[in-house]
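As structure tokens, the structure follows; a few thoughts come after it.
Residue numbers (our numbering): 12 to 224.
Here it is, written out as structure tokens:
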């Protein structure tokens, strides 16, 4: 945990908070502590990112909302958690969950909740802005929200909306794989993902890329 503290550039006064944040809710006896910290961390992250966007950009509300979604989404949180080494430290009921995107994203939020309780808003805000710096710098609005973009394109071109259909669900319960069929503008493609949402997002992204929208 000391290595994680070094990566966070923060030393916990109450080590139990960090321990609770690293014991995933799949371990039932730790579920309440983990989920409470995750709940708090999710809200803290949301307000810090919202404030950053408000102060740093002059975009309208719609663009700000898309930006906010990109910065707080599971993909971004999980990526930052991996860079911090959380996948090697998180305790789960099944080791296969240790590198699961959703688990890592939840753990990242739980850690942020723990930091907030152990310190104050200013401290956790500075940590978040530092950890998310690369995400801010690499943000490209055209890479975000592919489902929203595709829907807007479909409505503008034909007054229709994309249709997503689950073709199959395979794999073990702890690591399912969804196969989604996407039909839009008289074209159909398929894509896979670890959840229905992930598969749909991947399908929309591939559709936009393949047909050059």
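The C-beta atom is built at its ideal place from N, Cα and C for all residues, glycine as well.
Put simply, the stretch 210 to 219 touches the stretch 178 to 195. At least three CB pairs are less than 8 Å apart. For residue 23, no beta strand (DSSP E) run applies, since DSSP gives it neither H nor E. Rounded to the nearest angstrom, the Cβ distance from residue 172 to residue 166 is 7 Å, consistent with a contact under 8 Å.
For residue 125, the closest alpha carbon among the candidates 41, 193, 214, 52 is that of 52. For the pair residue 47 and residue 200, the Cα-to-Cα distance works out to about 40 Å. In the three-state DSSP reduction, residue 52 falls in the helix class (H, G or I). The closest CA to that of residue 100, considering only 180, 14, 130, is found on 14. Your pair residue 205 and residue 112 checks out as a contact, with CB atoms roughly 7 Å apart and the cut at 8 Å. Judged by DSSP in its simplified three-state form, residue 192 adopts strand. Assigned with DSSP and collapsed to three states, residue 210 falls in helix. According to the DSSP assignment, residue 94 belongs to the alpha helix (DSSP H) that extends over 85 to 95. The beta carbon of residue 122 sits closer than 6 Å to those of 32, all from its chain and outside the five residues before and after it, given in chain order.
Under the three-state reduction of DSSP output, residue 76 falls in the helix class.
For residue 64, the secondary structure class from DSSP, reduced to helix, strand or coil, is helix.
For the set 18, 60, 27, the Cα lying nearest the Cα of residue 128 is the one of 27.
Take the alpha-carbon of residue 184 and the one of residue 90: they are about 23 Å apart. Across the structure, residue 133 and residue 107 are spaced so that their CA atoms are roughly 35 Å apart.
Across the set 163, 117, 137, 25, the C-alpha of 117 shows the shortest separation from the C-alpha of residue 84. Taking the Cα positions, residue 98 is about 27 Å away from residue 216.
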